[in-house]
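Shown next, in structure tokens, is the structure this report addresses.
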Amino acid sequence: MRLLVLDYFLKQDSAVSLSDLEAYFDYSDRTTLFRTLKTFEGKGLLHKINDGHTTAYALCMEDCSEEQHIDSHIHFCCECCKKIFCLTKVKTPKIKMPSHFEMEKLDIVAHGLCGECAKLRE
Ligand SMILES: [Zn+2]
Ligand SMILES: [Zn+2]
Ligand SMILES: [Zn+2]
């Protein structure tokens, strides 16, 4: 199962939503899928993206490890094809939090049209 999931992710050019994963791996039970995703997240192989209504997973390309995820990049959600992309070259800006607030993670999801969809609109 683990190899299947990893293999699937390696073939994707964008993040994969949880519903797509469930549909793709429908022959196996959801519990195993969830457990696999959690394991990969814990190992620094996958990171979770949440754009407010969809949960998606993408491969980690930076030096994530078991101890820490450093996916400090912005995600882009295409409103047309609904794909979520890792913009690994666009780093999340450093934001100063008010004192007493300890920020662990900053999720920035940009919305719009991806390259492919923008081309179709022209
Ligand atoms: Zn990561
Ligand atoms: Zn698109
Ligand atoms: Zn990402």
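Note that the working numbering has the sequence shown beginning at 66, numbered continuously upward. Just so it is clear, CB atoms sit at the ideal spot from N, CA and C, and this is done for glycine as well. Owing to the predicted nature of the structure, the values given are computational and were not obtained by experimental measurement.
Proximity to residue i [Cα-Cα], best of the options
i: residue 109; options: 159, 122, 83; result: 122
i: residue 103; options: 178, 151, 120; result: 120
i: residue 178; options: 162, 72, 131, 147; result: 147
i: residue 105; options: 129, 85, 79; result: 129
i: residue 180; options: 79, 88, 70, 74; result: 79
i: residue 72; options: 124, 83, 112, 82; result: 124
i: residue 171; options: 139, 85, 91; result: 139
i: residue 82; options: 184, 107, 113, 162; result: 113
Three-state secondary structure (DSSP) of residue i
i: residue 82; result: strand
i: residue 178; result: coil
i: residue 184; result: helix
i: residue 169; result: coil
Range of the contiguous alpha helix (DSSP H) that encloses residue i
i: residue 69; result: 67-75
i: residue 104; result: 95-108
Same chain only: Cβ atoms within 6 Å of residue i, ignoring 5 sequence neighbours per side
i: residue 142; result: 116, 149, 174, 176
i: residue 153; result: 126, 138
i: residue 145; result: 178, 182
Where the beta strand (DSSP E) through residue i begins and ends
i: residue 134; result: Taken as a continuous stretch (DSSP letters only), residue 134 belongs to no beta strand (DSSP E), as it is neither H nor E.
i: residue 150; result: 149-156
i: residue 113; result: 111-115
i: residue 120; result: 120-124
i: residue 143; result: 138-143
7 Å CB neighbourhood of residue i in its chain, flanking five on each side removed
i: residue 137; result: 156, 157
8 Å Cβ shell around residue i - same chain, five flanking residues per side excluded
i: residue 159; result: none
i: residue 87; result: 95, 98
Item to check | Under 6 Å, CB to nearest heavy atom of ligand 1: contacting residues | outcome: Going along the chain, the residues that qualify are 109, 112, 125, 129, 134, 136.
Item to check | Pocket of ligand 2 defined by Cβ to heavy atom distance under 5 Å | outcome: Spelled out in chain order, the answer is 143, 145, 146, 179, 182.
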